[in-house]
Structure formats: structure tokens, C-alpha cells
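In our numbering, the protein residues as written are 28 to 220. By construction, the Cβ of each residue, glycine as well, lies at the ideal position given by its N, Cα and C atoms.
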């Protein structure tokens, strides 16, 4: 190659390679971002599956205790019971005692208070079972149980994307603190007697 040709073309290939590396790097960053988003959405779907399983678990418990359901023993729109009247796994129980046992067992699992099948997997989880003529009203901060009608509602709520959440249920991002309700999800399952 002559010196006059080299002066015009020298370094051009190096410039092409550098541009290709920049474009390739941007593509890799895009792929990494998609991977992170996919993992986050997979985790959110996993939490929704757990919430659905917990709601169906309570509905199955209620259907098994038809007498307790018919008597309204599962309607606890106020505070959920926190202690067992009896261990109904080991002893014979009345329908009312079995309903309380079911509610405490279920709420313990939902609220991550014990080692059960899905315990510890529903962050910030809590739930309520109540009679509700309009089960889909309310929001993640208010259950809106009206204690009317014959339709039971199993209502659950939990916090998604808890990375960065501190123990008070607040999520801090930089200098902004978001309330836990901004990240809460809600599931309502209707249970007919």
C-alpha cells in the first residue's frame, strides 16, 4: 500500500471496530435489562400463584366445614382470630371451633407467622374472610366487607417487588419513600355456600 493511500484510509478500520463494540455493548445492556424485567415479572407471577393457592386453601377449608359456613362462623370482617380454641387436627371439634382453627391456621400461613406450606413466601401478606354482597369493592388498604348477603369473600393482599423494603413496610428508592400500598396487590375469591 502506498503512503498516499494509507494517509486517507489508516485508522478507518479501527473506527469501524470501535463503533461496532459500542453498538454491541448497547445491545448487551438491553438484553440484560430484559432479563432483569423477566425475572421480576416471574417473581410477581409466583407471588400471585401463592396468593391464589392460599385463597383456594381457605375456600376448601370452608367447603369442608359446611355447617360452620352456613352458621356464619367464617365471617370475620373485623379482627381475625389469633389463637386456636383446640387443635382440630388432633381432636374432634364443633363446626365453630373448626372454623376458628381454619381461620387461625390460614391467617398464620398468609401473614408469614409459621412454617407451613407457603409461609414466608407472601411478603407483607394478610387476609380476611367475610360475608360481602359486593366483594370486589374496596382496595388494598381497605377490605370493605359489608357483612351482607350469603357470598363469602376470601380477600388477600401482599407487597410485590419488596427489594429495598425495610421492616416498616416502606420502600425507599433514593430519597423518595413510597408507602407500602403503592406496591400492594389484592386478590378476591368468592366462595358460595
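Use the C-beta contact count for residue i: other C-beta atoms within 10 angstroms, 16 or more gives buried, fewer gives exposed.
{"i": "residue 39", "result": "exposed"}
{"i": "residue 57", "result": "exposed"}
{"i": "residue 184", "result": "buried"}
{"i": "residue 118", "result": "exposed"}
{"i": "residue 60", "result": "exposed"}
{"i": "residue 44", "result": "exposed"}
{"i": "residue 198", "result": "With a pLDDT of 44 at residue 198, under the threshold of 50, the predicted position of this residue should be treated as unreliable, though the coordinate-derived value follows. Per the 10 Å Cβ criterion, buried."}
{"i": "residue 77", "result": "buried"}
{"i": "residue 69", "result": "exposed"}
{"i": "residue 128", "result": "buried"}
{"i": "residue 55", "result": "exposed"}
{"i": "residue 205", "result": "Bear in mind that a pLDDT of 40 at residue 205, under 50, signals an unreliable position, so the number given afterwards is only what the model happens to contain. With fewer than 16 Cβ atoms within 10 Å of its Cβ, residue 205 is classed as exposed."}
{"i": "residue 95", "result": "buried"}
{"i": "residue 66", "result": "exposed"}
{"i": "residue 41", "result": "exposed"}
Figure out for me which residue from the options has the closest Cα to the Cα of residue i.
{"i": "residue 162", "options": "154, 153, 180, 175", "result": "180"}
{"i": "residue 212", "options": "149, 111, 69", "result": "149"}
{"i": "residue 175", "options": "77, 99, 76, 73", "result": "99"}
{"i": "residue 173", "options": "134, 103, 66, 47", "result": "103"}
{"i": "residue 101", "options": "134, 62, 49", "result": "134"}
{"i": "residue 87", "options": "156, 160, 171", "result": "156"}
Would you say residue i and residue j are within 8 Å of each other, going by their C-beta atoms?
{"i": "residue 217", "j": "residue 186", "result": "no"}
{"i": "residue 214", "j": "residue 79", "result": "yes"}
{"i": "residue 112", "j": "residue 130", "result": "no"}
{"i": "residue 81", "j": "residue 138", "result": "no"}
{"i": "residue 152", "j": "residue 182", "result": "no"}
{"i": "residue 126", "j": "residue 84", "result": "no"}
Is residue i helix, strand or coil by DSSP?
{"i": "residue 57", "result": "helix"}
{"i": "residue 149", "result": "coil"}
{"i": "residue 180", "result": "strand"}
{"i": "residue 133", "result": "helix"}
List in chain order: all unbroken alpha helix (DSSP H) runs of 4+ residues lying wholly within the segment 41-126. 93-97
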